[in-house]
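Under our numbering, the first residue of the sequence shown is numbered 1, with each subsequent residue one higher. Idealized CB from N, CA, C, for every residue including glycine. Note that the structure is predicted; figures quoted are calculated from it, not measured. In what follows, a structure is listed as structure tokens, so that the remarks can point back to it.
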Amino acid sequence: MEPKLGYGWTEDKIPDLTGTTAIVTGANSGLGFVTAAQLAAHGASVTLAVRDAAKGTAAVERMRPRLPDADLTVRVLDLASLDSIAAFAAGFMADTGRLDLLVNNAGVMNLPQRRTADGFEMQFGTNHLGHFALTGRVLPLLVASPDARVVTLSSAVHRIGRMNFDDLMGAKRYRPWPAYGQSKLANLLFTSELQRRSAAAKLSLRAVAAHPGFALTNLQTAGPAMRGAKTTTRRSRLVAALTREFAQPAVWGALPTLYAATLPGLAGNSFVGPEGFGQQHGHPVPVTRSKRAQNTDDARRLWTESERLTGVTYAFA
1 MEPKLGYGWT EDKIPDLTGT TAIVTGANSG LGFVTAAQLA AHGASVTLAV RDAAKGTAAV
61 ERMRPRLPDA DLTVRVLDLA SLDSIAAFAA GFMADTGRLD LLVNNAGVMN LPQRRTADGF
121 EMQFGTNHLG HFALTGRVLP LLVASPDARV VTLSSAVHRI GRMNFDDLMG AKRYRPWPAY
181 GQSKLANLLF TSELQRRSAA AKLSLRAVAA HPGFALTNLQ TAGPAMRGAK TTTRRSRLVA
241 ALTREFAQPA VWGALPTLYA ATLPGLAGNS FVGPEGFGQQ HGHPVPVTRS KRAQNTDDAR
301 RLWTESERLT GVTYAFA
């Protein structure tokens, strides 16, 4: 029977996930926290991949009263460091030996010009290259699973993004929002190319993407804080007020991710977001993406460049 892809989907429609092993990056707060908790509540064994082990442990402690028997593990992962990604993947593969679901959730937004440990522009390096490297590192486990899924979070802001292959790192000109848009466009191009390569290898692995709409998380304040802005400035007060007034809570913002991660029969390369006006609020449904996000030549070029930059190549076998 074909799944119903209509309106009204909520977390109570998540199927039984007993026996499923999942990784959620950035799971100590916001959308990642909600995603990890919901997956665990429905029976999945969930690894919270976080930069700060103490914050990850605190997140698990917040989940425990409602999920006393959940299988939750904390592992350190810094997506802005290729060494950290390699160490995380090696440890996970050695200790766990199975992976059915990878949720590439973590991200940074609207930052001042910063560099990762490997010299990449921070937003492109974390949001795209970090997750590209992570997915490639754990690919052997995903390929071995009979129905594995990779869910990568993009954003409606991908629509302002352009792939500047001549200056991916913003060395010639850097602007925070266009750099963020490029990284979110890269997430969608990565998803489509991962799905194409998986299908060409006749694998059951599915790559899908999601975006939360306008959701209340700490992303809205992280960028200004890194620029040294004070919460008492007029602009920051306005942003905070508008966010509180119009943003949907993280429990709603996480629904597109959960839909993309768990809906039976969802097609590879699907893109899931809120149903409402401008894809900003509401129940999750398959949504449209920009024409640039459908550019197969850019997707292939980005893949090749990502392999070169990260040193991670994918073995579809």
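Asked	Found
Sufficient close CB pairs (3 or more, under 8 angstroms) joining the region 270-290 to the region 168-180	no
Residue burial classification, F190 (beta-carbon count within 10 angstroms, cutoff 16)	buried
Unbroken alpha helix (DSSP H) run spanning P65, endpoints	Here P65 belongs to no alpha helix (DSSP H), and DSSP marks it neither H nor E.
V138 beta carbon less than 8 angstroms from that of F92	yes
Nearest residue (CA-CA) to T73, options T47, D95, R51, R66	T47
Own chain partners of D100 with C-beta closer than 6 angstroms, once the 5 adjacent residues on each side are dropped	T20, T21, S145, A148
Any 3 or more C-beta pairs closer than 8 angstroms across the region 175-186 and the region 121-140	yes
Range of the contiguous beta strand (DSSP E) that encloses S204	Segment: none, S204 is in no beta strand (DSSP E) and carries neither H nor E.
R115, DSSP secondary structure in three states	strand
Touch test, the region 257-272 against the region 189-204, Cβ-Cβ under 8 angstroms, three pairs minimum	yes
Residue span of the beta strand (DSSP E) that contains F190, given as start and end	No beta strand (DSSP E) holds F190; the alpha helix (DSSP H) holding it covers 176-200.
Exposure of K291, with buried meaning 16 or more beta-carbon neighbours within 10 Å	exposed
Segment limits, beta strand (DSSP E) that includes I14	Run containing I14: none; DSSP gives neither H nor E here.
Run of the alpha helix (DSSP H) containing S306, from where it starts to where it stops	296-310
C-beta atoms of N104 and H131 nearer than 8 angstroms	yes
Residue ranges of each beta strand (DSSP E) within the region 24-94, 3 or longer	45-50, 72-76
Close Cβ partners of Y314 (< 6 angstroms) along its chain, the five nearest in sequence each way excluded	G136, L139
Proximity below 8 angstroms, CB of L203 to CB of V143	yes
C-alpha distance - S45 paired with R64, whole-angstrom precision	14 angstroms
Continuous beta strand (DSSP E) stretch holding V272: start and end	271-274
Run of the alpha helix (DSSP H) containing L141, from where it starts to where it stops	131-144
Close beta carbons around G26, own chain, < 6 angstroms, minus the five adjacent residues each side	G32, N105, A106
Anticipated Cβ contact below 8 angstroms, R51 with D95, distance rounded	Incorrect: roughly 19 angstroms between the Cβ atoms, too far for contact.
Best match in A59, W252, D12 for proximity to H42 [C-alpha to C-alpha]	D12
Length of the line joining the Cα atoms of A59 and L141	26 angstroms
Span separating the alpha-carbon of D71 from that of A40	7 angstroms
Residue burial classification, G265 (beta-carbon count within 10 angstroms, cutoff 16)	exposed
Start-to-end residues for the beta strand (DSSP E) that takes in P284	284-286
T126 - DSSP class collapsed to helix/strand/coil	helix
Check whether A86 and T116 have beta carbons under 8 angstroms apart	no
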